[in-house]
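Its first residue numbered -1, the sequence shown is counted upward by one per residue in the numbering used here.
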Amino acid sequence: MTSELYRAIEEIAKEKGIPQEKLMSVLQTSIVTAYKSNYKAEGQSISVRFDENKDLHIYVQKTIVEEVSNPDLEIALEDAKKINIAYEVGDVVEIEVTPADFKRKVATNAKQNVRNNLLNMERALVLEEFRNREGDLITGIVERTSGTNVFINLGKTEALLMPREQVPTEVYKHGDRIKVYIAEVKEVNQSPKIVLSRTHPGLLLRLLELEVPEIHDGIVQVKAVAREAGNRSKVAVWSVDENVDPVGACVGSKGSRIRAVVEELHGERIDIIPWDPDPSVFVANALSPARVNSVEILEGEEKIARVIVDDDQLSLAIGREGQNARLAAKLTGLKVDIKSVSQIDQDQVESQEEVGDAEDGQEDS
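Written as structure tokens, this is what we have:
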């Protein structure tokens, strides 16, 4: 009967994808508990093992002493030497105590105890696996929706795509296969809660790693990502190899690499720009496709990049509803102040007029 129990544990481990040693540990614990309860052995040190035939054996550990004061925990040296002549005082002896009527009874109870623990073990394994994958890209299947929440089947578990992590222009239909970013993994009410994202900048980064071998290999580095999901993103890249063009590597032959990323993001526009250690150059690059005349970095509590462009480049530099300037600011980490040449000229004229008015006022006084 107990060999059947062992095989049942093997089958459960294979079916559920749970390491057999974890199930065996639960099984052995339940057998020890059952033995102690049924045979009044609460204070004894009990162990359980299966032999080569997968049959169950229960042992009690006793310390060898000259004179026994607690028969549950101790054995006389004289009796121990009957088991093995080499035993000495202080050694621990294992004595088999498997009851003849115990195996069938314990097999049923132990199997049920293992099954009762399966859910907790599965939850723990899922939590451990996905905690190690936080920040990774994974492919899932849209399983169901509940209100504005979308639940994604990841195979071993179901994960949540909350409204704030959804792209407004995307529709998630039952059965759709989508790539998602594992944004957060935590335990809630003893169950794993996996939060996914389609809006996180990390999603774009992971997609680029998939499509661009130079990024995966570390030759091209992604220095910064700024994203307005579903609409437009900017990615700053740098090459550690002067012979490798970082922008060209990301774009690919005839745009093949970046096109694959754009398709996965359902048409989101992606600007690949060269990163530069000089903040003024970086800001100018970040405002692409606009042509920038000059950039001045103003130091202070908040770093400001004062940018001057030709009049015909102003709307392009700012972008529709300020998007280009906003993304450039996110990408560089600077506040970006853009003005056209004519605006600068007008500011200078007004400044001179203010100075003149002030001087006239002093003369009148």
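Glycine included, C-beta positions come from ideal geometry on N, C-alpha and C. Keep in mind that this is a model prediction, so the values were computed, not measured.
Query                                                                                                           : Result
Euclidean distance between Cα positions of V245 and E163                                                        : 28 Å
Separation of E50 from K14, as counted between CA atoms                                                         : 24 Å
L329 vs V305 beta-carbon contact at 9 Å                                                                         : no
3-residue-minimum beta strand (DSSP E) runs that sit fully inside the region 51 to 122, ordered along the chain : 54 to 63, 72 to 74 and 90 to 94
Identified DSSP bridge partners for I336                                                                        : V305
For R230, the nearest candidate out of N36, S254, V259 and P211 (CA to CA)                                      : V259
For P17, three-class secondary structure by DSSP                                                                : coil
I56 beta carbon less than 9 Å from that of V95                                                                  : yes
Beta-ladder partner(s) of W236, from DSSP                                                                       : Q219
Completely contained beta strand (DSSP E) runs for the region 153 to 180, where each covers 3 or more residues  : 156 to 159
Length of the line joining the Cα atoms of I256 and A157                                                        : 28 Å
Cα-Cα separation between I136 and Y179, rounded to whole angstroms                                              : 6 Å
Proximity of I93 and K60 at Cβ, strictly below 9 Å                                                              : yes
Span separating the alpha-carbon of Q321 from that of L202                                                      : 18 Å
The region 329 to 346 contacting the region 220 to 234, beta-carbon criterion three pairs below 8 Å             : yes
Extent of the continuous alpha helix (DSSP H) to which R204 belongs                                             : P199 to E209
Of the listed residues I62, Q344 and I150, nearest to V193 (C-alpha basis)                                      : I150
Cβ neighbour criterion (16 or more within 10 Å) applied to K171                                                 : exposed
Beta-carbon separation (whole angstroms), V242 vs I217, contact threshold 8 Å                                   : 6 Å
Closest by C-alpha distance to G250, when choosing among D215, E240, D239 and L206                              : L206
One or two residues paired with T27 in a DSSP bridge                                                            : According to DSSP, T27 bridges with nothing at all.
Collapsed DSSP secondary structure at A365 in the structure displayed                                           : Nothing about residue 365 can be read from this structure; the chain reaches only from -1 to 363.
Pair within 9 Å by beta-carbon distance, G200 and G133                                                          : yes
Three-state secondary structure assigned by DSSP to G246                                                        : helix
The beta strand (DSSP E) enclosing R261, as first and last residue numbers                                      : The sequence given here has Glu at residue 261, not Arg. Counting along the chain, E261 falls outside any beta strand (DSSP E), though it belongs to the alpha helix (DSSP H) covering S254 to E262.
Own chain, CB closer than 6 Å to R47, minus 5 neighbours either side, in chain order                            : H55
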